[in-house]
Amino acid sequence: MNARLAGLLYLVVAICGGFAELAARGAIRASDDVAQALRDSADLMKVAFAADVVAYACFLLVGLSLYALFKDVHRIAAIAMLTMNAVSVAIQSLNLVNHAGAALAAQRGSDDLAVLFLDLHGVGYLIAQVFFGGWLIPLGFLVVRSGMVPRFFGYALIVGGVGYLLGLVVELVAPGSDGLALALGLLGGLSEIAFLGWLLVRGVRQPVLVP
Numbered sequence: 001m002n003a004r005l006a007g008l009l010y011l012v013v014a015i016c017g018g019f020a021e022l023a024a025r026g027a028i029r030a031s032d033d034v035a036q037a038l039r040d041s042a043d044l045m046k047v048a049f050a051a052d053v054v055a056y057a058c059f060l061l062v063g064l065s066l067y068a069l070f071k072d073v074h075r076i077a078a079i080a081m082l083t084m085n086a087v088s089v090a091i092q093s094l095n096l097v098n099h100a101g102a103a104l105a106a107q108r109g110s111d112d113l114a115v116l117f118l119d120l121h122g123v124g125y126l127i128a129q130v131f132f133g134g135w136l137i138p139l140g141f142l143v144v145r146s147g148m149v150p151r152f153f154g155y156a157l158i159v160g161g162v163g164y165l166l167g168l169v170v171e172l173v174a175p176g177s178d179g180l181a182l183a184l185g186l187l188g189g190l191s192e193i194a195f196l197g198w199l200l201v202r203g204v205r206q207p208v209l210v211p
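According to full-length UniProt numbering, the sequence shown is numbered sequentially starting from 1.
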């Protein structure tokens, strides 16, 4: 798989994953009656479930394609990147049980259980974020070391990965600081968007390794 295909897969991840988390679950969590919103949005939850499955499959393929691209640059860093990618996919996939549980419990009238499942999904999402953010750090290192992509993007990915992790810490330590957590998370999101855009438009060039 070439770099542009990795970029295209990454775009699918962003669209499908963003839809499921923000447009579906995010909108439901923001409603005054979460259980009723789950009942009213049963079809939306099914679509979000399918979108998540597509996103996680594509994200794993992104990791595999980038591993193939960077494995000769620094094997240990490439393995670390792929491992974090795969662990994130595994956690997110298992977390879909909570997504389905919320929808099923709401349909059966177990309102408290439905809300609990949705809350548990949020916890699982935060746990996965450790690896989803963490994988950007070895990826950024590989980009900087290889020179296949302008090294600016590598440094941005490292900063973005740290931002994801700090955002997670803020959410756990100070749950009311949503604005700060969001701002830190945006560092990761913007770095990924920039890297994705470059892969899609320009691809990669011949490596120029730095020590």
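Glycine residues also receive a C-beta, built at the ideal position from the N, C-alpha and C atoms.
For the 8 Å CB-CB criterion, V34 and L118 form a contact. Sorting A103, V162, L94, A128 by C-alpha distance to the C-alpha of L187 places V162 at the top. In this structure, M148 is the residue among M148, Y164, L184, G185 with its C-alpha nearest to the C-alpha of W198. When C-beta atoms of the segment 4 to 22 are compared with those of the segment 39 to 55, three or more pairs fall below 8 Å, so the two segments count as touching. Close CB contacts of L166 within its chain, under the 8 Å cut and outside five residues either way in sequence, are with L184 (chain order).
DSSP, reduced to helix, strand and coil, places W135 outside both helices and strands of the structure shown, so it counts as coil. Sorting Q129, F152, L5 by C-alpha distance to the C-alpha of A68 places L5 at the top. Here the segment 52 to 62 lies against the segment 8 to 17, with 3 or more beta-carbon pairs under 8 Å apart. In the displayed model, N98 falls within a helix according to three-state DSSP. In terms of Cβ geometry, N95 and G124 form a close pair [threshold 8 Å]. Take G154, set aside five residues on each side of it, and the residues of its chain with a beta-carbon closer than 6 Å to its own are G140, V143, V144, in chain order. Following the DSSP letters along the chain, one finds L11 inside the alpha helix (DSSP H) bounded by residues 3 to 18.
Taking R39 as the centre and dropping the five residues before and after it, the same chain places the C-beta of A106, Q107 closer than 7 Å to its C-beta, in chain order. Linking I28 to G122 through their CA atoms gives a straight-line distance of about 12 Å.
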